[in-house]
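The numbering of the sequence shown is the numbering used here, which starts it at 713 and goes up by one.
Even glycine gets a Cβ: it sits at the ideal position worked out from N, Cα and C.
Only one structure is covered here, and it is reproduced in the block below.
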Amino acid sequence: MPQDASKQRKKALKDAQRAVDAELTREKGDYVPPDRTECVEKEWHQSLDESGDIRVEIRVWRHEGRMVDFVLLVQVGDWSQDGSWEQVARVDCAGGRCHIHPPESPDEHKLIHRLDTVDDVEIAYRAANSIAMTVAAMIRDRRS
Numbered sequence: 713m714p715q716d717a718s719k720q721r722k723k724a725l726k727d728a729q730r731a732v733d734a735e736l737t738r739e740k741g742d743y744v745p746p747d748r749t750e751c752v753e754k755e756w757h758q759s760l761d762e763s764g765d766i767r768v769e770i771r772v773w774r775h776e777g778r779m780v781d782f783v784l785l786v787q788v789g790d791w792s793q794d795g796s797w798e799q800v801a802r803v804d805c806a807g808g809r810c811h812i813h814p815p816e817s818p819d820e821h822k823l824i825h826r827l828d829t830v831d832d833v834e835i836a837y838r839a840a841n842s843i844a845m846t847v848a849a850m851i852r853d854r855r856s
């Protein structure tokens with residue numbers, strides 16, 4: 713009987729370890745933001761060069777004083793055509809995860825931070841803002 717109990721404990725330990733490993737590697741979090749119609753939206757731009765040709769458009773949604781959602785768009789000015797802005801990278805929160813759609817493959821996404829709670833949105837925003845600014849700076853530097 714003690715041998716069976718030992719096997720059961722080992723099996724339970726392995727099962728628990730598998731569950732922990734699965735949780736740590738899970739990309740999709742449980743966070744669902746409130747409906748945007750219930751939020752206050754704020755939008756602004758941050759220019760990355762003196763000529764204003766590269767910018768990051770920032771949109772945040774707040775609910776009850778807390779950031780609950782955001783989108784960061786890395787854009788370059790297309791002055792040869794109609795003076796519009798071309799989006800080259802996008803960072804957003806969807807499906808319980810903050811991720812970037814990088815310039816080299818906009819249909820794909822790379823995880824920045826899993827979102828399980830509203831607190832994760834603030835954490836993800838800081839990381840996402842840094843990444844968006846880095847991408848914009850790389851584009852600026854390639855143009856120089």
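Open item on the list: To the nearest angstrom, how far is the alpha carbon of C751 from that of I851?
Closed with: 33 Å
Open item on the list: My output table needs one value for D853: the three-state DSSP class, helix, strand or coil.
Closed with: helix
Task: Proximal residues to S796 (C-beta, below 7 Å), its chain only, five neighbours per side dropped - done: D790
Open item on the list: Judging by CA-CA distance, which residue of V780, H757 and V786 is the nearest neighbour of R809?
Closed with: V780
TODO: Please confirm whether R767 and V786 have their CB atoms less than 9 Å apart.
DONE: yes
- [ ] Report the residue from D831, V803, H825 and H821 whose alpha carbon sits nearest the alpha carbon of A848.
- [x] V803
Open item on the list: Please report the distance separating the alpha-carbon of S817 from that of Q799.
Closed with: 12 Å
- [ ] Closer than 7 Å by C-beta to L823: which residues in its own chain qualify, once you throw out the five before and the five after it? Chain order, please.
- [x] E739, R809 and H811
- [ ] Report the three-state DSSP secondary structure of E739 (helix, strand or coil).
- [x] coil
- [ ] Work out the CA separation of H775 and P746 for me, nearest whole Å.
- [x] 8 Å
Task: Residue range of the beta strand (DSSP E) that includes S759 - done: V752 to S759
TODO: Please work out which residues of its chain come closer than 7 Å, Cβ to Cβ, to W756, disregarding the five sequence neighbours upstream and downstream, and give them in chain order.
DONE: I770
Task: Chain-order list of residues whose beta-carbon lies under 6 Å from that of K754 (same chain, five-residue window excluded) - done: V772
Open item on the list: Please state whether the Cβ-Cβ distance between G866 and D832 is less than 9 Å.
Closed with: Residue numbering for the chain in the displayed model covers 713 to 856; residue 866 lies beyond these limits and cannot be assessed.
TODO: Give the DSSP bridge partners of G789, in chain order.
DONE: W797
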